[in-house]
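The opening residue of the sequence shown carries number 0 in numbering that gives the first Met the number 0; numbering runs sequentially from there. Quick reminder that beta carbons are idealized off the backbone N, C-alpha and C, glycines included. Since the model is a prediction, treat every value here as computed from it, not as a measurement. Here is the structure we will look at, set down as structure tokens.
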Amino acid sequence: MAPGSEVTKQQRLLHLGLNCLVFGICYLLANRLAQQLEVNRHVALALDAQIPFWPWMLLPYLSSGLWLTATFLTLRSRDTLRVFSQRLLLATVLAALVFVLYPLRFSLPRPAVDTPWLATLYGMLAWVDRPYNQLPSLHVAYCLLLWASLRDLLAPLWARSLLAAGLLLTAVSTLFTYQHHLLDLLGGVVLGGLCVYAVRPVRNAPNVALYYLVAGGVAAVVGLAAWPAVLTLYGVLSLWLVGLAYARGDRQFLHKREGRYPWWIVLLYAPYLLGYRLSWRAVAWHERHRPAIQQIAPQLWIGRRLSETEARLLPTACSVFDLCCELPETPALRHQRYQHFPLLDIVAPPAEVVHDIVTALRRETAAGHTVYLHCAMGYRRCVQIAKAFNAFNEYTP
Numbered sequence: 000m001a002p003g004s005e006v007t008k009q010q011r012l013l014h015l016g017l018n019c020l021v022f023g024i025c026y027l028l029a030n031r032l033a034q035q036l037e038v039n040r041h042v043a044l045a046l047d048a049q050i051p052f053w054p055w056m057l058l059p060y061l062s063s064g065l066w067l068t069a070t071f072l073t074l075r076s077r078d079t080l081r082v083f084s085q086r087l088l089l090a091t092v093l094a095a096l097v098f099v100l101y102p103l104r105f106s107l108p109r110p111a112v113d114t115p116w117l118a119t120l121y122g123m124l125a126w127v128d129r130p131y132n133q134l135p136s137l138h139v140a141y142c143l144l145l146w147a148s149l150r151d152l153l154a155p156l157w158a159r160s161l162l163a164a165g166l167l168l169t170a171v172s173t174l175f176t177y178q179h180h181l182l183d184l185l186g187g188v189v190l191g192g193l194c195v196y197a198v199r200p201v202r203n204a205p206n207v208a209l210y211y212l213v214a215g216g217v218a219a220v221v222g223l224a225a226w227p228a229v230l231t232l233y234g235v236l237s238l239w240l241v242g243l244a245y246a247r248g249d250r251q252f253l254h255k256r257e258g259r260y261p262w263w264i265v266l267l268y269a270p271y272l273l274g275y276r277l278s279w280r281a282v283a284w285h286e287r288h289r290p291a292i293q294q295i296a297p298q299l300w301i302g303r304r305l306s307e308t309e310a311r312l313l314p315t316a317c318s319v320f321d322l323c324c325e326l327p328e329t330p331a332l333r334h335q336r337y338q339h340f341p342l343l344d345i346v347a348p349p350a351e352v353v354h355d356i357v358t359a360l361r362r363e364t365a366a367g368h369t370v371y372l373h374c375a376m377g378y379r380r381c382v383q384i385a386k387a388f389n390a391f392n393e394y395t396p
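Here it is, written out as structure tokens:
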């Protein structure tokens, strides 16, 4: 395992908690919508009526939660954990969008259960899970994602065979507990395969584009199931446009010029820009007892986007290097020696872009100018560029 790739307990719990939150919002809202609409539509085939009801199959059906939790706690590297988590998020959101756009109901009555403890479990299941959210089957999709993530952990053939048998039993239990029809299972297979294909275990950086697409999907589900759709469509469009920009690596997608945005960008991305503005204010308040800027070289200061008051703390006639895409520049700093080098948040900048910024920094400092280098919050982008600047100076003859 590569150094630094070990997974911490906090990372495991963060991914697990995020998936639980997204599942809780999307799945329950989709169920609620179908119940309110009194949906009776189904996709049952003639063969579905011939499938027997086996009450004991509820046990493997309920094991899916244990499978998922155990996987979050056992995956060995950050990349495998990230891939598994993102595949689950994508599957949950895509399925929920289908649930709310084309709600279905299970068509067959469930026979009475004679065994008391099983009857109690079925009663609890009926209380938390209505007979909706049918196609695609998330149980089946999750089983495919579990197999894709766990199979490489097991070298012996017998261990892989046991894993495959356990997951297959969990998947088909959806039929014999009268939770899903055959076409639902087929839809789950397609969904699981799509998510495996879409999220590959080849990236070392977080797939920010996918998180924005998932966030937009959650907003769409909320809008379709709980709020008036028109009110949330705006936010969904904004988030998906940001996700598309990250997928393309488009650092210029906000068209920021001289520290400001054109009116049509503000109109398109207002929810996104507002979210960053609120985050910036929260960070500024949280860090209010710490210096907003810090000097790391004789002519180089770094920090976050400054308020008008904080901007007065900078040296006189300071040049400003703005790395931030998501916030307009402080008006007081737009009138100084201002240069904008947009970098996408969270993702590592391309090496050639880092070289260009460091070259511009060296040119500015060589001319005798002090430079304030900043990003949005002062945590990542400006620190990366400052380290590259110092490293370049150390190794330059």
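One question on the structure: do residue i and residue j come within less than 8 Å of each other, judged by their Cβ atoms?
| i | j | result |
| --- | --- | --- |
| H254 | D47 | no |
| V21 | V92 | yes |
| Y418 | V207 | Residue 418 lies beyond the range of the chain shown here (0 to 396); nothing can be said about it. |
| V139 | L184 | yes |
| L232 | G215 | no |
| T70 | F83 | yes |
| R104 | A33 | yes |
| P135 | L190 | yes |
| Y371 | I264 | no |
| L65 | Y121 | no |
| R289 | H373 | no |
| L267 | L230 | no |
| L166 | L145 | yes |
| Q178 | Y60 | yes |
Measure the alpha-carbon distance for residue i versus residue j and round it to whole angstroms.
| i | j | result |
| --- | --- | --- |
| L137 | V188 | 9 Å |
| L209 | D113 | 46 Å |
| E363 | F252 | 26 Å |
| A94 | I24 | 13 Å |
| V99 | S106 | 18 Å |
| A43 | L174 | 11 Å |
| V382 | L15 | 30 Å |
| Y271 | L88 | 21 Å |
| G274 | L168 | 44 Å |
| E307 | Y141 | 50 Å |
| A158 | T68 | 19 Å |
| V171 | R11 | 28 Å |
| G242 | A45 | 42 Å |
| F388 | V282 | 26 Å |
Can you find the residues in the same chain that come closer than 8 Å, C-beta to C-beta, to residue i, ignoring five residues on each side of it along the sequence?
| i | result |
| --- | --- |
| V352 | R250, F340, L342 |
| Y394 | Here the model assigns Y394 a pLDDT of 48, short of 50, so the residue's position is not dependable, and the following value carries that caveat. Here the set comprises nothing. |
| F391 | V357, R361 |
| V198 | V82, Q85, R86, L89, N206, L209 |
Is it right to say residue i is buried, meaning 16 or more other beta carbons lie within 10 angstroms of its own, or is it exposed?
| i | result |
| --- | --- |
| W279 | buried |
| N18 | buried |
| I345 | exposed |
| V319 | buried |
| G3 | Only weak support is given to the placement of G3: the predicted model assigns it a pLDDT of 44, under 50, and the value that follows is read from those uncertain coordinates. Exposed is the call here. |
| Q9 | exposed |
| M376 | buried |
| Y196 | exposed |
| G367 | exposed |
| G248 | exposed |
| P108 | exposed |
| V235 | buried |
| R349 | Note that residue 349 corresponds to Pro in the displayed sequence, not to Arg. It is exposed - the Cβ of P349 has fewer than 16 other Cβ atoms within 10 Å. |
| L218 | Inspection of the sequence shows that residue 218 is occupied by Ala rather than by Leu. Answer is buried; the Cβ neighbour count reaches 16. |
In its own chain, which residues sit with a C-beta less than 6 Å from the C-beta of residue i, not counting the 5 before and 5 after it?
| i | result |
| --- | --- |
| V397 | With the chain running from 0 to 396 in the structure shown, residue 397 is simply not present. |
| L117 | P54 |
| R399 | Look at the range of the chain in this structure, 0 to 396, and you will see that residue 399 is not part of it. |
| D321 | E328, H339 |
Tell me which residues share the same chain as residue i and place their Cβ nearer than 7 Å to its Cβ, disregarding the 5 neighbours each side in the sequence.
| i | result |
| --- | --- |
| V333 | The question names Val, but residue 333 is Arg in the sequence shown. Around R333: E257, G258. |
| Q294 | W300 |
| M0 | Residue placement at M0 is flagged as unreliable, the pLDDT there being 48, under the threshold of 50; the coordinate-derived value follows with that caveat. So the list reads R75, S76, once near-sequence residues are dropped. |
| P110 | F52 |
| Y260 | L253, H254, P327 |
| A310 | T329, A331, L332 |
Given the structure, does residue i come close to the ligand FMN, in the sense that its CB is under 7 Å from one of the ligand's heavy atoms?
| i | result |
| --- | --- |
| H339 | The ligand FMN is absent from the structure shown, which contains no ligands of any kind. |
Could you tell me whether the stretch 37 to 47 touches the stretch 149 to 164, using the rule of 3 or more Cβ pairs below 8 Å? With fewer than three CB-CB distances shorter than 8 Å, the stretch 37 to 47 does not count as touching the stretch 149 to 164.
Cβ contact (3+ pairs, closer than 8 Å) linking the stretch 318 to 328 and the stretch 272 to 287: Inter-segment contact for the stretch 318 to 328 and the stretch 272 to 287 is present: three or more beta-carbon pairs are separated by less than 8 Å.
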